[in-house]
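Residues in the sequence shown are numbered from 2 upward in steps of one, following the numbering used here.
Remarks on the structure that follows.
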Amino acid sequence: MSKKFQAPLISQIGAELRSKNLKPVYFFYGKDGYEIERTTGSIKKYLEPELADESDVGVFGGGSTSIEQLLDFCETYSFVSEKRLAIVKNFNLLKFDGRKYNKQLISYFTNPAGHTTLILQYDDATFPDKEPYKTLASLGYVYVARTPNFDDLVNRVEGTAKNAAKRIDKHNAELLVSLVGDDRLIIEMQVEKLIEYAGDKTEITVDMIKRSVAPTKQFTIFDLVDKVLAKDKPAALRLLDKVMNQGEPALLILFHLNRQFAMVINIRELLSEGKSDYEASAELGIQKWQLDKLKPAARNFAHTELAEVYAALLRADIALKTGDTDEKTIMFTAINEILI
2 MSKKFQAPLI SQIGAELRSK NLKPVYFFYG KDGYEIERTT GSIKKYLEPE LADESDVGVF
62 GGGSTSIEQL LDFCETYSFV SEKRLAIVKN FNLLKFDGRK YNKQLISYFT NPAGHTTLIL
122 QYDDATFPDK EPYKTLASLG YVYVARTPNF DDLVNRVEGT AKNAAKRIDK HNAELLVSLV
182 GDDRLIIEMQ VEKLIEYAGD KTEITVDMIK RSVAPTKQFT IFDLVDKVLA KDKPAALRLL
242 DKVMNQGEPA LLILFHLNRQ FAMVINIREL LSEGKSDYEA SAELGIQKWQ LDKLKPAARN
302 FAHTELAEVY AALLRADIAL KTGDTDEKTI MFTAINEILI
């Protein structure tokens with residue numbers, strides 16, 4: 002099945018939800034972890050009116066969940082909500098080898114609980130050519146999240162604008178993607194900014210794009226954070242200057258640095274405890290490719306260095322919120338203290 006089976010793209014789920022076509026089971030796989038998380042969030046938001054209590058949203062880690070626990074949650078009725086939502090991260094870590102567990106899963110997939118939506122996130126780019134996955138595919142529950150190409154990103158821009166009752170010409174959408182680059186989070190932020198900038202006007206024009214969107218393709222906060230994690234001080238300082246000249250707020254830069262270093266510390270601790278990459282990913286709630294990207298930083302920064310990093314970030318945070326010092330000076334000082 003892996004050679005012949007062509008899973009539909011996960012991006013079509015948005016249109017399905019707008020048509021009120023909600024499936025009882027979703028199986029997501031592919032390289033684009035961001036799109037998997039984004040779509041999972043969209044399904045959760047769609048269900049929110051029928052989820053009256055937090056206890057009716059179950060998030061399970063594949064490495065720490067049994068089939069019995071998962072199916073018990075899915076099949077049990079809620080006392081207060083009309084629906085339940087079960088999300089399994091790293092489903093590939095769930096231990097269900099053997100006929101007994103395959104039979105249980107296949108039985109559920111073919112006759113799922115009507116009151117529960119089950120989302121299975123599979124951390125692999127290749128569809129597994131075996132049961133119970135073949136059954137999922139035959140029932141139309143499988144979607145692939147492949148890395149988007151340029152045309153996909155242009156379509157995303159047009160679709161986001163349309164959902165906000167705005168129109169953007171295809172050539173202008175192409176211009177926006179060319180300026181911003183292929184980071185989907187940055188693209189969405191820029192489109193949202195343009196929608197707000199347009200105000201009562203129904204069309205996003207080329208002039209709006211040129212005025213509102215800085216050319217961020219080469220210089221983004223994420224590029225800066227990558228250089229800091231790689232301990233490339235000269236490049237980090239150059240990118241900090243460019244990013245701040247593009248108007249990125251110092252507190253936003255600080256937020257991303259804090260978030261990534263917090264993840265680095267957690268990765269160090271989990272791997273030192275003997276956790277496998279898949280187990281660590283599941284526990285942190287991230288995709289394995291994200292873990293792979295941060296592992297070099299976990300090796301490069303010693304515990305003492307990470308303590309100094311947090312001290313420098315805290316000083317910068319306090320200075321930005323309470324002091325009169327120039328923002329750029331504060332951030333340059335922080336990077337110099339992090340990368341001694």
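Positions of the beta carbon are idealized from the N, C-alpha and C atoms, including for glycine.
Requested in this report: Using three-state DSSP, classify GLU204 as helix, strand or coil.
Outcome: In this structure, GLU204 counts as strand in the three-state DSSP scheme.
Query raised in the report: Quick check: the segment 126-135 against the segment 310-323, are there 3 or more CB pairs under 8 Å?
Result: no
Query raised in the report: Going by alpha carbons, who is nearest to LYS21 out of SER43, GLY182, TYR144?
Result: SER43
Query - Reduced DSSP secondary structure (H/G/I, E/B, other) of ALA87 - result: strand
Report task. Taking SER213 as the reference, give the member of ALA199, ILE107, GLU204 with the closest Cα. Result -> ALA199
Query - Residue range of the beta strand (DSSP E) that includes PRO92 - result: Note on residue identity: the sequence assigns Phe, not Pro, to residue 92. Here PHE92 belongs to no beta strand (DSSP E), and DSSP marks it neither H nor E.
Query - With 16 other Cβ atoms within 10 Å as the buried cut-off, status of THR40 - result: Within 10 angstroms of the beta-carbon of THR40 lie 16 or more other beta-carbons, which makes it buried.
Query - Cut-off 7 Å between Cβ atoms - residues of its own chain near GLU249, not counting five sequence neighbours on either side - result: ILE222
Query raised in the report: Should the segment 282-299 be regarded as contacting the segment 224-240, the criterion being three or more beta carbon pairs within less than 8 Å?
Result: yes
Query - Whole-number beta carbon distance between MET332 and MET245, since they are thought to touch under 8 Å - result: Cβ atoms of MET245 and MET332 come within 8 Å of each other, at about 7 Å.
Report task. Compute the beta-carbon to beta-carbon distance between LEU94 and TYR279, rounded to the nearest angstrom, for a pair I have assumed lies under 8 Å. Result -> 5 Å
Query raised in the report: Would you say the segment 52-64 touches the segment 80-90, given that touching needs at least three Cβ pairs under 8 Å?
Result: By the Cβ rule, the segment 52-64 counts as touching the segment 80-90, because three or more pairs are nearer than 8 Å.
**Report entry** Cβ neighbour criterion (16 or more within 10 Å) applied to GLY115
**Finding:** Under a 10 Å Cβ-count criterion, GLY115 is classified as exposed, with fewer than 16 other Cβ atoms of the shown protein chains found around its own Cβ.
Query raised in the report: Are the CB atoms of GLY63 and PHE92 nearer to each other than 8 Å?
Result: yes
Report task. Quick one: give me the first and last residue of the alpha helix (DSSP H) that GLY62 is part of. Result -> It is not in any alpha helix (DSSP H) - GLY62 instead sits in the beta strand (DSSP E) that spans 58-62.
**Report entry** Rounded separation between GLU309 and ASP224 - CA only
**Finding:** 22 Å
**Report entry** With 16 other Cβ atoms within 10 Å as the buried cut-off, status of LEU72
**Finding:** With 16 or more Cβ atoms within 10 Å of its Cβ, LEU72 is classed as buried.
Query raised in the report: In the DSSP assignment, what are the bridge partners of ARG168?
Result: Per DSSP, the beta bridge partners of ARG168 are GLU204.
**Report entry** GLN291 - DSSP class collapsed to helix/strand/coil
**Finding:** helix
Report task. Could you tell me whether the Cβ atoms of LEU186 and ILE210 are closer together than 8 Å? Result -> no
**Report entry** One or two residues paired with PHE151 in a DSSP bridge
**Finding:** Answer is none; PHE151 lacks a bridge partner.
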